[in-house]
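In UniProt numbering, the protein residues as written are 1 to 812.
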C-alpha cells in the first residue's frame with residue numbers, strides 16, 4: 001500500500017474482477033496467476049525479497065508465425081498448452097506446500113477450493129449496505145476528539161453506513177444526537193465496565209445490512225474502504241475481512257476535513273510517515289451477514305481492547321473453513337492517531353475502546369503527539385513530518401509489554417486465547433489470511449492474491465510501505481536478521497491465581513482478585529450487593545448476573561466458596577473473590593458439592609451470614625440476595641428509605657403476618673454496618689454453628705425473640721438495639737405470595753406490575769426453579785454464554801416508601 005498504483009505490475013483480466021488462480025510462483029509469499037494480456041511490468045518491481053508479491057514477468061509481442069497453421073491456429077495451441085502448464089504448476093506447488101516441515105506451514109489451515117465460494121457475485125452490489133458497530137472510549141478530553149474525528153470519517157463514506165455505538169459510556173447520548181447514531185446498550189461488560197468482545201460480536205451478527213463491521217472507535221476510514229468492501233462482496237460468497245492499521249503521530253492540520261483535498265493529503269502523509277501495525281493487532285473486521293457462522297466453539301469472554309481476541313477470532317475463522325478470510329491492509333487506509341493507553345496500562349479499567357494488546361509506548365517508539373493527538377496548527381504537514389526518527393531497536397524493545405502477568409485484563413485475555421479453541425501463540429495475524437487484496441493496475445485498482453504459505457514471513461509488507469513494525473533489522477555485528485519480535489507465551493505460563501502467593505501482602509490488582517480489591521472497584525454509596533455460592537450453582541449465578549446487567553446494577557460482588565467457581569467467574573469478567581476465611585468449624589470440601597436439602601446444603605446456607613458479617617465488619621452495608629431471585633428494578637433506594645438496621649423479606653403465607661413465627665427469609669435483606677447489626681450477625685453465626693438446622697430460624701430468634709416477644713406490629717421487630725423491618729409482600733413477594741408463580745406463562749408481570757423482586761422459593765430443587773424461570777421468560781443466559789436481554793425494560797423507581805415503625809439504631 002506504500003506505493004502509488006503506477007508502481008504496481010499491470011495485468012488485465014478477461015471478466016474484469018475475476019479471481020486469479022493457477023500459476024503460483026514461489027519467489028514471494030503469494031500465488032499469482034497471469035492474465036491473457038499484460039502490459040510491461042513497472043520498473044523496479046520484482047520478487048520483493050520477503051514481500052508478498054510473486055515474480056512478475058515482462059512480456060513482449062512475438063512475430064506472427066509463418067506456415068500452414070496460420071496466426072490464429074498457432075495462438076490457440078500456445079494458449080492451450082500454456083494454460084495446461086500453469087494449472088499443473090499451481091497444483092504441484094500446492095502439493096509441495098502441504099509437505100513442508102516448517103511448523104508454521106503445518107498449521108491446520110483448511111484447503112479452499114477456488115471454485116467453491118469464489119466467483120462472480122456482483123449482483124449483490126445492487127443491495128450493498130453496511131453497518132458499523134463500535135465501542136468508543138468515553139467522549140472525554142482527547143478521547144472525545146479522536147472519537148468524533150473517526151465518526152466524521154465514517155459518515156463521509158458512500159453509501160453512508162449505519163453506525164451503532166455499543167454500550168452506554170459518557171458522551172454516547174450526545175454523540176448519537178449530534179451525528180445521528182444508534183445506541184445498543186445491551187452489551188455484556190466485565191465488572192470494570194469494559195465491553196466483552198463475544199457480546200459485541202453477537203450484536204454485530206444481528207445486523208440486517210449486507211455487510212457488518214466492528215471498528216475500533218478511533219480508526220479513520222476513507223473511500224477506498226468502501227471500494228474494498230465492494231470488491232470483496234462481488235468476489236466471495238462468504239467472507240471475513242481483516243486489516244492492519246497505520247499508526248501516525250498526528251494528522252495534517254493545514255487542511256480542513258471538509259476540503260476536497262483532505263483525503264488525498266491525509267493519504268499522502270500517512271503513507272509517507274505512518275507505520276503499518278504489523279505485529280498482529282487488528283482494528284477492523286467485516287463479514288457478510290446471512291452466511292455460515294464464523295467459527296465452531298463459543299467465543300471466550302475476551303475483554304475488548306486488551307489484546308489477543310483479534311488473533312483468536314481470525315485464527316478460529318480460518319480454521320473453521322466456512323468463510324474466505326481476506327487481508328485488505330494494502331488496499332484500504334485505516335488510520336490511527338497515536339495516544340496514551342491510560343485505560344490499558346493500569347489495573348483499573350473502567351472504560352472502553354483502546355487498541356488490542358498495546359500498552360504505553362508500545363505502538364512505535366516515535367516522539368509522542370500533543371495531548372489532543374494533533375500537531376500545532378502553525379506546523380502543518382511539516383510539523384507532523386518533523387518528528388525525530390527513533391531506532392528500530394527501541395521500537396522492537398517497546399512493543400511487547402513487560403510484565404504481562406502483572407496486568408489483570410491483559411492476563412485474562414492471554415489466558416483465554418491459549419486455553420480455548422485451537423489458537424496458539426503467534427498465529428491469527430493478518431498475514432495468516434489465505435487471501436490478500438493488493439493494489440495493482442487492474443480497472444478496479446485491486447488484485448486478489450492467494451497466499452501459498454500464509455503467515456510464513458513477518459516481513460511480508462516491508463517492501464510495500466514506508467515503515468512497518470516488523471521491518472528487518474540486523475542484530476549487532478552478526479549475520480542474524482530479525483523480522484519482528486516473538487512473543488513466547490505458552491499455556492503453562494498462564495494459570496489463574498486463586499490466592500495471593502505466600503508472603504505477598506499486596507499482589508497486583510486482579511492477580512488474584514481479593515475481597516478488598518473487588519469491593520473497592522464496585523461499591524456505590526458504601527453498599528454492595530452480595531451473593532455467595534459454590535460451583536454447582538454456577539448456572540443460576542450467571543442467570544442472576546445477566547439480570548443485574550439488564551438492570552444496570554454494577555455494585556454486586558460474588559463470594560466464591562470453592563476454587564472452581566472462582567476460576568469460572570474470573571474468566572467471565574465477574575467481580576469475584578475466593579472466600580477462605582469463614583470455614584472455621586465447617587467442612588469446606590463437603591460444601592463444594594452441596595445439593596439442596598442435604599446436610600452439606602445446610603452448611604452452605606450457614607456460609608451466607610459469615611460472608612455478610614465479614615463485610616459488615618469492614619464497614620460496608622450489604623444487600624444480600626440469593627441467586628434464585630428475579631429482580632425487576634433496583635431496590636436499593638427503597639430499602640435505604642425504610643430507615644431500619646435490617647430490612648428483610650418475609651417468608652409468610654398470605655394469611656399470616658409478615659413477622660409471624662420464623663417467617664424471616666434470609667435470602668434477601670439489607671444490613672447496615674453499625675455496631676448493633678454487627679452484634680446481631682455475630683449472634684446468628686454463633687447459634688447457627690451449634691445447630692443442625694439452616695441459619696434462617698436463627699435470624700428470627702435473634703431479631704424477634706424465640707417466641708416472638710420482640711415483635712412490633714405485624715411487620716417489624718426490635719431487639720438489642722436493632723430495628724428489623726419486614727418487607728411488603730406485594731412489592732417483594734416470596735414463592736407463595738398470591739399464587740404468583742401459578743400465573744399463566746407470559747402474564748406474570750402484567751398481573752403484578754409493581755414488583756421489585758420475585759423469589760423462586762417454596763419449591764425444592766434447582767430443576768423446579770429452572771422450570772419456573774423458563775415458563776415465565778426469566779432465562780437471561782444462553783448456551784453461547786451470552787446474556788439474553790429481555791424485551792421489557794427495567795421498571796422505574798416508584799415513590800412508595802413505607803413509614804418506619806421504629807427509628808433505627810444509627811438514628812436514635
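Glycine included, each C-beta is placed from N, C-alpha and C at the ideal position.
On a predicted model such as this, the values are computed, not experimentally measured, just so you know.
Alpha-carbon to alpha-carbon, residue 491 and residue 459: A direct Cα-Cα distance of roughly 27 angstroms separates residue 459 from residue 491.
From residue 195 to residue 302, what distance separates their C-alpha atoms? Computed Cα separation, rounded: 9 angstroms.
So, for residue 748: in the same chain, excluding its five sequence neighbours on each side, which residues have a beta-carbon less than 7 angstroms away from its beta-carbon? So the qualifying residues of the chain are 740, 776.
Once you ignore the five residues that flank residue 122 on each side, which residues in its own chain have a CB closer than 6 angstroms to its CB? Within the same chain, residue 122 has close Cβ partners 234.
For residue 282, which residues from the same chain have a beta carbon less than 6 angstroms from its beta carbon, with the 5 sequence-adjacent residues on both sides left out? The answer, listed in chain order, is 242, 310.
Residues that residue 822 bridges to, as DSSP identifies them: The structure shown has nothing for residue 822, since the chain only spans 1 to 812.
Cutting at 6 angstroms between CB atoms, please list the residues of its own chain near residue 657, excluding the five before and the five after it. Only 714 meet the Cβ criterion.
With a threshold of 6 angstroms on Cβ separation, who are the neighbours of residue 447 within its own chain once the five nearest residues in sequence on each side are excluded? Around residue 447: 438, 440.
If you follow the alpha helix (DSSP H) that residue 701 is part of, which residue opens it and which one closes it? From DSSP, the alpha helix (DSSP H) with residue 701 extends over 696-704.
Kindly indicate which three-state DSSP category residue 773 falls into: helix, strand or coil? Reduced to three states, the DSSP call for residue 773 is helix.
With the cut-off set at 8 angstroms, would you say residue 626 and residue 667 are in Cβ contact? Result yes, Cβ atoms of residue 626 and residue 667 sit closer than 8 angstroms.
Beta strand (DSSP E) runs contained entirely in the region 153-179, provided each spans 3 or more residues: Counting only runs of 3 or more residues that sit fully inside the region 153-179, the beta strand (DSSP E) segments are 162-166, in chain order.
C-beta contact flag for residue 455 and residue 427 at 8 angstroms: A contact, by the Cβ cut-off of 8 angstroms.
Check each candidate in 706, 750, 708, 757 and name the one with the smallest Cα separation from residue 729. Among 706, 750, 708, 757, the Cα nearest to that of residue 729 is on 757.
Would residue 170 and residue 140 be called neighbours here (beta carbons separated by less than 8 angstroms)? Taking 8 angstroms as the Cβ cut-off, residue 170 and residue 140 qualify as a contacting pair.
Note down, in chain order, each residue of its chain lying with its Cβ closer than 7 angstroms to the Cβ of residue 255, except the 5 sequence neighbours on either side. Correct list, in chain order: 261, 262, 265.
Pick out whichever of 119, 163, 295 has its Cα sitting closest to the Cα of residue 135. Out of 119, 163, 295, 163 has the C-alpha closest to the C-alpha of residue 135.
Whether residue 314 touches residue 219 by CB criterion (8 angstroms): No, these two residues do not count as a Cβ contact at 8 angstroms.
Span of the alpha helix (DSSP H) holding residue 677? From DSSP, the alpha helix (DSSP H) with residue 677 extends over 675-690.
Length of the line joining the Cα atoms of residue 118 and residue 322: If you take the alpha carbons of residue 118 and residue 322, they lie about 12 angstroms apart.
Residue 717 (DSSP reduced to helix, strand or coil): Shown here, residue 717 sits in a strand according to DSSP, grouped into three states.
Would you decide whether residue 634 is buried or exposed? Buried here means 16 or more other CB atoms lie within 10 Å of its CB. Buried, because 16 or more other Cβ atoms sit within 10 Å of the Cβ of residue 634.
With C-beta atoms as the reference, is residue 498 less than 8 angstroms away from residue 566? Yes; because the gap between Cβ atoms is below 8 angstroms, this pair is in contact.
Run through DSSP, which three-state label would residue 469 get? If DSSP states are grouped into helix, strand and coil, residue 469 belongs with coil.
Report the residue from 181, 563, 414 whose alpha carbon sits nearest the alpha carbon of residue 306. Among 181, 563, 414, the Cα nearest to that of residue 306 is on 414.
Three-way DSSP call (helix, strand, coil) for residue 446 in this model: In the three-state scheme derived from DSSP, where H, G and I count as helix and E and B as strand, residue 446 is classed as strand.
Burial state of residue 693, where buried means 16 or more other Cβ atoms lie within 10 Å: Exposed, since its Cβ has fewer than 16 Cβ neighbours within 10 Å.
From 210, 144, 190, 268, pick the residue whose C-alpha is nearest to that of residue 128; which is it? Answer by Cα proximity: 210.
Please state whether DSSP places residue 729 in a helix, a strand or coil. In the structure shown, residue 729 sits in coil (DSSP, three-state: anything other than H, G, I, E or B).
Could you give the distance in angstroms between the alpha-carbon of residue 191 and the alpha-carbon of residue 477? If you take the alpha carbons of residue 191 and residue 477, they lie about 50 angstroms apart.
Just to confirm before moving on: does the CB-CB distance between residue 215 and residue 157 stay below 8 angstroms? Going by C-beta atoms, residue 215 is not nearer than 8 angstroms to residue 157.
Output needed for residue 563: all residues of its chain with C-beta closer than 8 angstroms, excluding positions within five of it in sequence on either side, in chain order. 498, 578, listed in sequence order.
Do residue 295 and residue 273 have their CB atoms nearer than 8 angstroms? No, Cβ-Cβ distance for residue 295 and residue 273 is not below 8 angstroms.
Beta-carbon proximity check, residue 165 vs residue 181, cutoff 8 angstroms: Residue 181 is positioned such that its CB atom lies closer than 8 angstroms to that of residue 165.
Does the Cβ of residue 270 have 16 or more other Cβ atoms within 10 Å, making it buried, or fewer, making it exposed? Residue 270 should be labelled buried.
Looking only at its chain, what residues have a beta carbon closer than 6 angstroms to the beta carbon of residue 329, apart from the 5 residues adjacent to it on each side? Annotation for residue 329: 243, 244, 430 place their beta carbon closer than 6 angstroms to its own, counting only its chain and skipping 5 residues before and after.
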